[in-house]
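Here's the structure we're looking at; comments come further down.
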Amino acid sequence: MTLIHRTLLLLLTASTTLAAAGQTGIDVRADTPWTDTGLDLNPGDALTFTATGSVTFLGALSSPDGLGRSFLDLLAQLPVNSSGRGALVGRIGSSPAARAFLIGSKSQRTAAAPGHLFLGINQMSAAPGAGSYHVVIERTAATAPPATATAANLTVLTSPLTQAMLDSIPLRVNDAQGNAGDRVNFVLIGSEEKVQKALSAAGWVVVDKNVRAAVLHAILSSFSRDTYVTLPMSELQLFGRVQDYGYAQGDPLLVVASRHHFRIWKAPFMVGGETVWVGAGTHDIGFDRDARNNGVTHKIDPATDGERDYIGESLKQTGLVVKQEYLTPANPVREARTATGGGFTSDGRTSILYLQPDGHNFAADFAAIFCSVLASNPDGGAWGPCSQYLDTALPSPTAAPLPALTSAYRVVIVPGFLSSCFAATPAFQQGRQRLKDEGFAIDLIPVPNDATSSNARLIAQFLQQQIARDPRKIILVGYSKGVPDIYETLIMNPTLTSQIAAFVSVAGAVGGSAIADTIPNQAERWIQQFRLPGCDGDINSGFKSLGRRERQAYLNTNPHIPGVPTYSIVAQSSLETTSSSLLETWRILAAMGPSGDGQILKPDAILPDSKYLGAALADHFAVALPFEDSTDAAIKRGMDKNHYPRTALLESIIRFVQADLKAQAPH
């Protein structure tokens, strides 16, 4: 039995089964590393945690939500480095690859993989607190075990990676001078979105691309009091190019010398219609001499199979792996030296991991509708091919017959932050007028710049009034901050959900914006820059409620909206397609991760469990706000990349959602 197993199984606290079936009460002491709940979980088991009590750290009293993060926490080795000291945390399973997750005072979670549930406190092992939390766990068992070979994933399983495909992959990566380096030791099969989702869920983070990005990211992390663990890695080559992505796991104090990490490259072939990603993973365990130049380099664990298997185990913990197998290349590498001179050994096998096909990705279907709508030119003027305006992962999306607009639903749009400041150019202005001209019922709620919870009360009142006057169900479309405003509305008012046909996020701040954390005065700067009058509401509170930490904590407690079909379309811009007013914030986000729109990163713009409709190729403002029609010269100068077919986008969203609701309705 390993040390971690002994640590987890020792000092167990007896759990008390409550009168209500499915409930367990347990005390989690600060002087116990991990407390066994006695619960063995199956994939799909739903858990609700409610915690009370307090833990003391040097006189500071912490609730289960944890203390506010201080700058000292940036260098602490905590089970969940993104959360405050003293927070209640959990983990499923005792594997070293099982990542801890935040629980807090109240949260919900669905088990993704089987395993034993342990609870603990977010603290350094050398400096534990004093006290305990009492935790009540409500468990609802999964209604049925998850299928491992459903119709949705049979295609990829019946078209596996073949021996010939494996043998076509180079055995090792190389440096810029052509020196052979790490061996290729794993393959991921799945869409780019699914791979990114699985790796994020497993606790892997995208590393910075270069030293300049690393410096900027480290500074921004300190401003927002986030731990910096994304130190860049060197560029190596496979298929004639450097890695597409580099990923790492590491503790803040150890990341310079010790971290799990790997590089992945998109292969030049597919399997069962799914993308193939080829990876090379190693575990840094210290420093060594670089044989090429006598400089200092990382020393890798020579037993590289351990890292290969660790990567696979971490992904299986997410529940997103359909199947894992091992294949051995025709000429396996079992012992060699890296480009820097370090030796390594292996059994020669390559781990093949098949991810669940993305049943939530409807980008191609949405693109077909968008191309048809754009061809009808509802925006007027001249437009190029639809692939210029929508990223669908398809080289040339084609048009399709348009589903009819129906009057069976009404549409209500909730705009974003500062919408009252730009009253002359409201969200989807031309699109709303076009739908009205077609006899469609569509409204926009003029929300102030208040905190999300405050706006949620106003939205609820508006919806209740609408429902009292008209029995038709409502399609809610949220833009930017309007999305979390709607989210909280439906969570706070569950009786409303029966009247909501669908909820659509357009460039929504679902998981928050890192800009609100790193540049908290950005809103005031825009107001001064554009001399904006009539900005209703509490700007500071409103912008603060957009913070990534606040929004992520809210999602942790409220991970989904029961009973409401949800859809997401993100915005995505490049340096060349971003308006000058957003260039500063675009660069900041680019240092934090790929695929942003100048305000929000792509992973933070997708509603949980929603149907993904693709990425609008525009910056955060251009996707919804018609600033190009503004009569204010300062606004037009700042929003100089604002040309986008917003009317076609809105009409496509409504047509797609109506057709999808009809297809899902019982016959």
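Numbering (this note's numbering), first residue to last: 45 to 711.
Glycine included, each C-beta is placed from N, C-alpha and C at the ideal position.
Would you mind stating whether residue i and residue j have Cβ atoms separated by less than 8 Å?
{"i": "A659", "j": "A692", "result": "no"}
{"i": "L371", "j": "Q400", "result": "no"}
{"i": "G130", "j": "I181", "result": "no"}
{"i": "A186", "j": "V251", "result": "no"}
{"i": "R454", "j": "I413", "result": "no"}
{"i": "T394", "j": "P422", "result": "no"}
{"i": "V99", "j": "A174", "result": "yes"}
{"i": "G350", "j": "F230", "result": "no"}
{"i": "P606", "j": "T533", "result": "no"}
{"i": "G148", "j": "D109", "result": "yes"}
{"i": "L657", "j": "S612", "result": "yes"}
{"i": "R227", "j": "T348", "result": "yes"}
{"i": "Q474", "j": "P647", "result": "no"}
{"i": "S639", "j": "D684", "result": "no"}
{"i": "G403", "j": "D494", "result": "no"}
What number of angstroms, rounded off, separates the C-alpha of residue i from the C-alpha of residue j?
{"i": "S390", "j": "E672", "result": "59 Å"}
{"i": "I697", "j": "F410", "result": "8 Å"}
{"i": "S210", "j": "N223", "result": "Note that residue 210 corresponds to Leu in the displayed sequence, not to Ser. Each residue's Cα considered, the two are about 22 Å apart."}
{"i": "V548", "j": "A649", "result": "11 Å"}
{"i": "T79", "j": "G128", "result": "19 Å"}
{"i": "Q287", "j": "I511", "result": "53 Å"}
{"i": "L446", "j": "A545", "result": "20 Å"}
{"i": "A193", "j": "Y398", "result": "With a pLDDT of only 40 at A193, under the threshold of 50, the placement of this residue in the model should not be trusted, and no figure is reported."}
{"i": "T92", "j": "T469", "result": "43 Å"}
{"i": "F466", "j": "S151", "result": "37 Å"}
{"i": "Q477", "j": "G637", "result": "37 Å"}
{"i": "L146", "j": "V456", "result": "34 Å"}
{"i": "P716", "j": "D529", "result": "The first residue shown for the chain is 45 and the last is 711, placing residue 716 beyond what the model contains."}
{"i": "W309", "j": "K367", "result": "20 Å"}
{"i": "Y523", "j": "D663", "result": "13 Å"}
{"i": "S235", "j": "L502", "result": "40 Å"}
{"i": "W321", "j": "S138", "result": "28 Å"}
{"i": "L418", "j": "G526", "result": "25 Å"}
{"i": "T60", "j": "M168", "result": "For T60, the predicted model reports a pLDDT of 38, less than 50, meaning its position is unreliable; a value from the coordinates is still stated below. Straight-line Cα distance between these residues: approximately 28 Å."}
{"i": "N86", "j": "V239", "result": "23 Å"}
{"i": "N565", "j": "A408", "result": "39 Å"}
{"i": "L705", "j": "R381", "result": "57 Å"}
{"i": "T562", "j": "I632", "result": "9 Å"}
{"i": "S278", "j": "H327", "result": "14 Å"}
{"i": "S106", "j": "V377", "result": "52 Å"}
{"i": "G112", "j": "A157", "result": "31 Å"}
{"i": "Q643", "j": "N218", "result": "37 Å"}
{"i": "G392", "j": "G225", "result": "15 Å"}
{"i": "H687", "j": "H604", "result": "34 Å"}
{"i": "V608", "j": "A500", "result": "17 Å"}
{"i": "S585", "j": "L645", "result": "22 Å"}
{"i": "A560", "j": "G386", "result": "44 Å"}
So, does the CB of residue i fall closer than 8 Å to a CB anywhere in chain D?
{"i": "L534", "result": "No chain D is part of this structure, which consists of one protein chain only."}
Go ahead and label residue i buried or exposed: buried means 16 or more other beta carbons lie within 10 angstroms of its beta carbon, across all protein chains shown.
{"i": "G424", "result": "exposed"}
{"i": "A311", "result": "buried"}
{"i": "D653", "result": "exposed"}
{"i": "K655", "result": "buried"}
{"i": "D481", "result": "exposed"}
{"i": "Q708", "result": "exposed"}
{"i": "E318", "result": "buried"}
{"i": "P710", "result": "exposed"}
{"i": "F313", "result": "exposed"}
{"i": "N375", "result": "exposed"}
{"i": "L479", "result": "buried"}
{"i": "A471", "result": "buried"}
{"i": "A208", "result": "exposed"}
{"i": "Q432", "result": "exposed"}
{"i": "L243", "result": "buried"}
{"i": "T76", "result": "buried"}
{"i": "T641", "result": "It should be pointed out that residue 641 corresponds to Asp in this sequence rather than to Thr. When all chains shown are included, D641 counts as buried."}
Under 7 Å: does the beta carbon of residue i sit that close to some heavy atom of the ligand NAD?
{"i": "R285", "result": "The ligand NAD is not part of this structure, which contains no ligands at all."}
Contained alpha helix (DSSP H) runs [length at least 4] in the stretch 648-683, N- to C-terminal order: 677-682
Three-pair Cβ contact test at 8 Å for the stretch 553-561 versus the stretch 587-601: yes
Meets three-Cβ-pair contact criterion under 8 Å: the stretch 495-510 and the stretch 536-543: yes
Specify whether the stretch 66-80 and the stretch 151-163 touch according to this definition: at least 3 beta carbon pairs, one from each stretch, less than 8 Å apart. yes
Secondary structure, alpha helix (DSSP H): runs of 4+ residues fully inside the stretch 448-520: 473-481 and 496-513
Starting from the N-terminal side, write out each stretch of the beta strand (DSSP E) that is 3 residues or longer and does not extend beyond the stretch 369-425. 379-381, 387-389 and 394-399
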